[in-house]
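Residue 0 is where the sequence shown starts when you use numbering that gives the first Met the number 0, and the numbers rise one by one after that.
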Amino acid sequence: MGSNPTGGTKGVVRLFKNRHVHPPELRIRARQQHLAGSTVAEVARRLRLPYPTVRGWCKHQVEPRRSSSELRCFRCRPEVKNQTDPSAYLYLLGLYLGDGHLVTSARVPVLRIACSSSWPGLIEACDVSMRQVLAAKVQRVQQPGCVSVQRSGKHWPCLLPQHGPGKKHERRIILADWQRDIVATHPGDFLRGLFHSDGCRFANRVTVRGKSYVYPRYMFVNESADIMALCQWSLDLLGIAWRMNRPNSLSVARRGAVAALDRHVGPKY
Numbered sequence: 000m001g002s003n004p005t006g007g008t009k010g011v012v013r014l015f016k017n018r019h020v021h022p023p024e025l026r027i028r029a030r031q032q033h034l035a036g037s038t039v040a041e042v043a044r045r046l047r048l049p050y051p052t053v054r055g056w057c058k059h060q061v062e063p064r065r066s067s068s069e070l071r072c073f074r075c076r077p078e079v080k081n082q083t084d085p086s087a088y089l090y091l092l093g094l095y096l097g098d099g100h101l102v103t104s105a106r107v108p109v110l111r112i113a114c115s116s117s118w119p120g121l122i123e124a125c126d127v128s129m130r131q132v133l134a135a136k137v138q139r140v141q142q143p144g145c146v147s148v149q150r151s152g153k154h155w156p157c158l159l160p161q162h163g164p165g166k167k168h169e170r171r172i173i174l175a176d177w178q179r180d181i182v183a184t185h186p187g188d189f190l191r192g193l194f195h196s197d198g199c200r201f202a203n204r205v206t207v208r209g210k211s212y213v214y215p216r217y218m219f220v221n222e223s224a225d226i227m228a229l230c231q232w233s234l235d236l237l238g239i240a241w242r243m244n245r246p247n248s249l250s251v252a253r254r255g256a257v258a259a260l261d262r263h264v265g266p267k268y
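Written as structure tokens, this is what we have:
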């Protein structure tokens with residue numbers, strides 16, 4: 000019997016392990032060169048890779064098994080067919096900046112967003128946005144007074160680069176250039192996430208000269224100056240008037256401004 004050039008079963012296992020190490024772009028380049036007429040040895044020498052690794056790519060063409068999150072991560076695979084809905088992504092980003100936490104100390108990162116039990120519609124909207132962005136399944140964990148909507152995924156850090164140790168208001172929160180481009184195109188969806196997490200819409204009652212008036216008003220409260228600045232910037236993009244009534248509190252109270260914000264945010268339920 001002839002000898003196995005890959006070194007028997009162990010050699011085959013080694014080939015599959017090697018294919019998990021290198022990026023897919025390198026495998027594609029090796030195959031393209033081989034199909035163009037180069038020998039496996041020439042490709043391996045040119046790319047400075049082990050001959051068995053390149054031979055496995057060019058001869059067997061077995062793709063490594065990918066996680067569902069990798070297949071859907073538009074930052075890692077721009078050619079992915081199931082592109083993330085920008086509206087869903089920005090809504091989830093707004094929720095994350097308000098009441099979210101990305102745990103990266105675990106073997107697989109876990110995104111958790113705390114939603115008040117008083118707002119079942121918010122819980123459902125958060126669940127839906129997670130599924131639309133990256134998660135195949137979502138867990139809802141009941142906590143005292145709130146529901147933690149969560150899901151693990153290796154590629155959450157790719158989509159939420161604002162994660163880091165410590166509280167958000169104690170560190171810088173800066174959007175990446177690609178995130179700012181998306182917000183600039185869909186600022187209303189980002190504001191919806193921000194206001195649904197750390198904001199509210201309510202009936203404001205005032206008394207002037209003995210006469211009572213009731214009018215709708217939006218409030219957004221956040222201790223992070225960076226997150227507050229992002230909210231202000233997004234409101235400016237939509238031409239919605241706002242003012243700071245406290246250092247950590249933003250108010251939208253003018254009739255036209257409230258009506259404009261209603262079209263993008265609306266009350267929680």
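Backbone N, C-alpha and C fix where the C-beta goes; we use that ideal spot for every residue, glycine too.
Every value quoted in this text rests on a predicted model; they were computed, and no experiment measured them.
Going by DSSP, what residues sit across from residue i in a beta bridge?
i, result
"THR206", "SER211"
"HIS162", "Answer is none; HIS162 lacks a bridge partner."
"ARG200", "TYR217"
"MET243", "LEU249"
"HIS100", "ARG111"
Keeping to the same chain, check which residues put their C-beta closer than 6 Å to that of residue i; ignore five residues upstream and five downstream.
i, result
"ILE239", "ALA256, ALA259 and LEU260"
"TRP241", "LEU234, LEU249 and VAL251"
"GLY120", "TYR268"
"GLY265", "none"
"GLN32", "VAL42"
"ARG65", "For ARG65, the predicted model reports a pLDDT of 49, less than 50, meaning its position is unreliable; a value from the coordinates is still stated below. Here the set comprises nothing."
"LEU321", "One cannot answer for residue 321 here, as it falls past the ends of the chain, which runs 0 to 268."
"ALA87", "SER128, GLN131 and VAL132"
"ASN17", "Legend: pLDDT at ASN17 = 40, less than 50; position of this residue unreliable, value from coordinates given subsequently. Hits under 6 Å: THR52."
Taking the beta carbon of residue i as the centre, do at least 16 other beta carbons fall within 10 Å, making it buried, or is it exposed?
i, result
"THR52", "buried"
"TYR301", "Here the chain has residues from 0 to 268 only, and residue 301 is not among them."
"ALA135", "exposed"
"SER117", "exposed"
"GLY192", "buried"
"TRP71", "Before going further, note that residue 71 is Arg rather than Trp in the sequence given. ARG71 comes out buried."
"MET129", "buried"
Excluding sequence positions up to five away, which residues of its chain have a Cβ less than 8 Å from the Cβ of residue i?
i, result
"PRO40", "Per the sequence presented here, residue 40 reads as Ala, with Pro not at that position. Excluding positions up to five away in sequence, the list reads TYR50."
Practice task
Report yes or no: do the region 131–147 and the region 209–217 share at least 3 C-beta pairs separated by less than 8 Å?
Solution key: The region 131–147, when compared against the region 209–217, does not touch it at the 8 Å Cβ threshold.
Exercise for the section: Check whether the region 218–238 touches the region 184–198, taking contact to mean three or more Cβ pairs, one atom from each stretch, closer than 8 Å. Expected result: yes
Handout entry: Three or more C-beta pairs below 8 Å linking the region 150–163 and the region 95–115
Key = yes
Handout entry: Contact the region 223–230 vs the region 201–208: 3+ CB pairs below 8 Å
Key = No, the region 223–230 does not touch the region 201–208.
Problem - At least 3 beta-carbon pairs within less than 8 Å: the region 82–98 vs the region 166–184 - result: Inter-segment contact for the region 82–98 and the region 166–184 is present: three or more beta-carbon pairs are separated by less than 8 Å.
Exercise for the section: Mind listing, in chain order, the continuous alpha helix (DSSP H) runs of no fewer than 4 residues lying wholly within the region 104–175? Expected result: 119–132 and 155–158
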